[in-house]
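This report refers to the structure that appears directly beneath it.
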Amino acid sequence: MSKGKIVYNRAKDIPLNAMSVDTMLFNKTGAWRNVRPVIDYENCICCMICWKFCPDISIYIEDDKPVIDYDYCKGCGICVEECPKKCISIEEEGR
Ligand code: SF4
Ligand code: SF4
Numbered sequence: 033m034s035k036g037k038i039v040y041n042r043a044k045d046i047p048l049n050a051m052s053v054d055t056m057l058f059n060k061t062g063a064w065r066n067v068r069p070v071i072d073y074e075n076c077i078c079c080m081i082c083w084k085f086c087p088d089i090s091i092y093i094e095d096d097k098p099v100i101d102y103d104y105c106k107g108c109g110i111c112v113e114e115c116p117k118k119c120i121s122i123e124e125e126g127r
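Position in the sequence shown (first residue = 1) + 32 = the numbering used here.
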């Protein structure tokens, strides 16, 4: 068994996982957020790793690009950490 870091190149390389979307759809958690992730599309390679790792299913795919749904994003920063291109920045919410 390999002990190296697992490298995902494309969304199809990532295994499916089980998650419950039922309660998430009715509970708009975006109001919990005090920072917001912002994708730099100039540097995004559309690998969809952010989409896969978002624990709140707050990233969807539109025209083959990841889009953050701020109604649900809690600003946890996992997508920022996992993006291999480091093209998601985190910004203070302007509230
Ligand atoms: S924002 Fe980063 S993790 Fe998400 S699709 Fe683009 S390159 Fe991949
Ligand atoms: S900050 Fe967290 S909740 Fe928001 S899109 Fe990224 S991973 Fe999902």
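Using N, Cα and C, we set each Cβ at its ideal position, and we do this for glycine too.
None of these values were measured; they are calculated from a predicted model.
Asked, Found
"Nearest-angstrom Cα distance between ARG65 and ILE81?", "21 Å"
"CB ILE91 to CB CYS105, shorter than 9 Å?", "yes"
"Which residue comes first and which comes last in the beta strand (DSSP E) that contains LYS97?", "97-100"
"Are GLU125 and VAL70 touching if we call contact CB-CB under 9 Å?", "no"
"Tell me the DSSP bridge mates of SER121?", "VAL70"
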